[in-house]
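In what follows, a single structure is set out as structure tokens and then discussed.
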Amino acid sequence: MTDAVNNTDNAAVHIDVREIMSYLPHRYPFLLVDRVTEFVADTRIKALKNVTINEPFFMGHFEQYPVMPGVLIIEALAQAAGILAIKSQGQRADNELYFFVGIDNARFKRQVVPGDQLVFEVETITVKRGIGKYSARALVDGQVACEAVIMCAKREV
């Protein structure tokens, strides 16, 4: 896996949910990234979320026509950006968290429903003074469901 991390020609990795949980403090029901399939330090990440009818938000959004809330798709993109930032630095210190601090140009282009697999593609735009800016897209079957520019900031807690 180490070779894949630093080699842009071979970015394929397998980061499972247990390793994801070592980078992110989120837990059920708010951990929204299931697996990372590509990673290039300081550059890009590709991750997955399998959307199932068992998600707790589907009980109220909407019972007769379940649709994943757009804000949760944005949150999932921010979590993928957080994994990119943290893994690029090696690990997260116990006294620091990465906070979602900004979103620009968010657009929703396709509904996400149970049975879909979201593919998150996040690329680093800039990182300055602990604040990262990322271009992010969520796709289903190759179609853009959501795209946005996301900012995350590293802070001591």
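Throughout, the working numbering is defined as the position within the sequence shown, counted from one, plus 92.
Just so it is clear, CB atoms sit at the ideal spot from N, CA and C, and this is done for glycine as well.
Host beta strand (DSSP E) of residue i (start-end)
i: Ser243; result: Note that residue 243 corresponds to Met in the displayed sequence, not to Ser. Per DSSP, Met243 belongs to the beta strand (DSSP E) from 235 to 248.
i: Lys179; result: No beta strand (DSSP E) holds Lys179; the alpha helix (DSSP H) holding it covers 162 to 181.
i: Ile137; result: 136 to 142
i: Arg229; result: 223 to 232
i: Leu210; result: 209 to 220
i: Asp196; result: 188 to 200
Cβ pair residue i, residue j closer than 7 Å
i: Lys141; j: Leu210; result: yes
i: Cys244; j: Tyr157; result: no
i: Ala230; j: Ala237; result: yes
i: Asp208; j: Val143; result: yes
i: Gly162; j: Phe200; result: yes
Cβ separation of residue i and residue j, assumed to be a contact under 8 Å, to the nearest whole Å
i: Ile107; j: Val132; result: No, Ile107 and Val132 are not in contact; Cβ-Cβ is about 13 Å, not under 8 Å.
i: Ala185; j: Val214; result: That pair is no contact at about 22 Å.
i: Tyr115; j: Lys179; result: 6 Å
i: Ile242; j: Leu169; result: 6 Å
i: Gln181; j: Val125; result: Rounded, the Cβ-Cβ distance is 18 Å, inconsistent with contact.
i: Ile166; j: Ile195; result: 6 Å
Enclosing alpha helix (DSSP H) for residue i [first to last residue]
i: Tyr157; result: Segment: none, Tyr157 is in no alpha helix (DSSP H) and carries neither H nor E.
i: Glu111; result: 109 to 115
For residue i, the nearest candidate out of the options (CA to CA)
i: Val205; options: Val105, Glu147, Ser114; result: Glu147
i: Arg202; options: Arg119, Ala104, Glu239, Thr135; result: Glu239
i: Met113; options: Leu123, Ala104, Val105; result: Leu123
i: Leu176; options: Met160, Arg199, Gly162, Phe212; result: Phe212
i: Ala118; options: Asp196, Val232, Gly152, Phe192; result: For clarity, residue 118 is His in the given sequence; the question names Ala instead. Among Asp196, Val232, Gly152, Phe192, the Cα nearest to that of His118 is on Phe192.
i: Phe150; options: Lys246, Pro121, Val105; result: Pro121
i: Gln183; options: Glu111, Ala104, Ala103; result: Glu111
i: Arg60; options: Val232, Asn197, Glu188; result: Not covered by the structure: residue 60. The range shown for the chain is 93 to 249.
i: Val232; options: Arg136, Asp134, Met160, Glu130; result: Met160
The region 145 to 165 touching the region 219 to 226, judged by at least three CB pairs closer than 8 Å:
no
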